[in-house]
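Below: one structure, written as structure tokens.
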Amino acid sequence: MRLLLVEDDDHVATALSAVLTRHGFAVTHARSGAEALQALLPDAGTAFGVVLLDLGLPDQDGFEVCGRIRKLTSTPVIMVTARADVRSRIHGLNLGADDYVVKPYDTGELLARIHAVFRRTVPGEQGARGAKKAPAPEAPEPLRLGPVLIEPANRRVTVDGAVISLTRKEFDLLALLAQRPGVVFRREQIISEVWRTSWEGTGRTLEVHIASLRAKLRLPALIETVRGVGYRLVEPAA
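Heads up: take any position in the sequence shown, counting from 1, add 129, and you land on this note's numbering.
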């Protein structure tokens with residue numbers, strides 16, 4: 130897999146590149162937001178599996194870079210930063226980041242997150258050349274939960290008719306809980322089904338996504354925390 134490492138500190142980039150290379154990754158290093166965006170242009174000729182994006186860049190804020198990346202490509206983005214506050218995490222995920230890792234981090238955790246993000250974003254049709262594609266499954270029916278309408282076919286959510294802009298993982302999380310209103314989903318189960326990983330470090334990411342969903346839907350009581358177990362969706366009264 131080829132990675133785009135966006136990091137302005139050459140010492141950090143050199144050390145991380147060495148680790149990634151030892152684990153089989155091909156690393157391209159960009160020292161600024163402009164370099165990163167240039168490398169991701171469709172005519173640049175290089176396809177990246179994942180972007181590791183530092184937020185403290187010399188020419189523009191990493192959040193702004195993430196937003197621009199999302200306009201260029203659907204390549205997964207992992208923010209790697211020292212900004213540990215929940216507001217920054219939520220903001221990054223809302224901009225389209227697929228994961229958020231806080232410095233200092235364990236190298237093993239970062240590698241696991243890279244693999245997890247890549248696994249869950251590779252389309253199924255990228256299998257062996259010439260392999261016969263499986264027939265597309267029937268589109269699931271829309272789910273109505275009080276004022277909330279979830280349309281899996283076009284991945285759209287509306288509340289009282291107003292469209293709510295959700296990230297990919299926020300939609301997947303809401304759609305999972307909505308499959309069985311009132312049923313408690315264990316944290317481990319949610320992480321396994323939405324993030325396709327059992328990595329324990331994903332738990333914090335789950336909490337951030339839950340908080341973001343509650344804020345966007347403006348229905349804080351819709352998703353209930355079951356202490357020590359997980360979460361369930363409480364169907365609003367008619």
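The beta-carbon is built from N, C-alpha and C at its ideal position, and this holds for glycine as well.
| Asked | Found |
| --- | --- |
| Quick check for students: name the residue ranges of the beta strand (DSSP E) that lie wholly in the stretch 287–318, counting only runs of 3 or more. | 291–293 |
| Starting from Tyr360, follow its DSSP beta bridges and name the residues at the other end. | Phe314, Thr354 |
| Hey, would you say Val378 sits closer than 8 Å to Met208, going by beta carbons? | Since the first residue of the chain shown is 130 and the last is 367, residue 378 is not available in this structure. |
| Assign Phe300 to one of two classes, buried (16 or more other C-beta atoms within 10 Å of its C-beta) or exposed (fewer than that). | buried |
| In three-state DSSP terms, what is Arg333? | helix |
| To the nearest angstrom, how far is the alpha carbon of Arg315 from that of Gly162? | 39 Å |
| Output the distance between the C-alpha atoms of Pro264 and Arg333, rounded to the nearest integer angstrom. | At Pro264, the pLDDT of 46 sits below 50, so the modelled position is not reliable and the matter cannot be decided from this model. |
| Classify Glu164 as helix, strand or coil using the three-state DSSP reduction. | helix |
| In the DSSP assignment, find the beta strand (DSSP E) that holds Ala155 and state where it starts and stops. | 155–159 |
| Within 10 Å of its beta-carbon, does Glu254 have 16 or more other beta-carbons around it, so buried, or fewer, so exposed? | Low confidence applies to Glu254: its pLDDT is 34, below 50, so where it sits in the model is not reliable enough to give any reading. |
| Between which two residues does the beta strand (DSSP E) harbouring Asp228 extend? | 228–231 |
| Taking all protein chains shown into account, do 16 or more other C-beta atoms lie within 10 angstroms of the C-beta of Leu226, making it buried, or fewer, making it exposed? | The residue asked about is misnamed: residue 226 is Ala in this sequence, not Leu. Result: buried. |
| So what does DSSP say about Leu186, is it helix, strand or coil? | coil |
| Can you pull the DSSP bridge partners for Glu280? | Arg285 |
| Given this structure, state the Cα-to-Cα distance separating Arg249 from Thr354, to the nearest angstrom. | 26 Å |
| Give the DSSP bridge partners of Met208, in chain order. | Leu182, Tyr229 |
| Quick check on the burial criterion: 16 or more other C-beta atoms within 10 angstroms. Buried or exposed for Gly153? | exposed |
| If we ignore side chains and look at the alpha-carbon of each, how far apart do Arg218 and Arg285 end up? | 23 Å |
| If you draw a straight line from the C-alpha of Val288 to the C-alpha of Tyr234, how long is it? | 38 Å |
| What are the boundary residues of the beta strand (DSSP E) that includes Leu132? | 131–135 |
| Going by DSSP in three states, Arg343 sits in which element: helix, strand or coil? | helix |
| Put Arg325 into one of helix, strand or coil per three-state DSSP. | coil |
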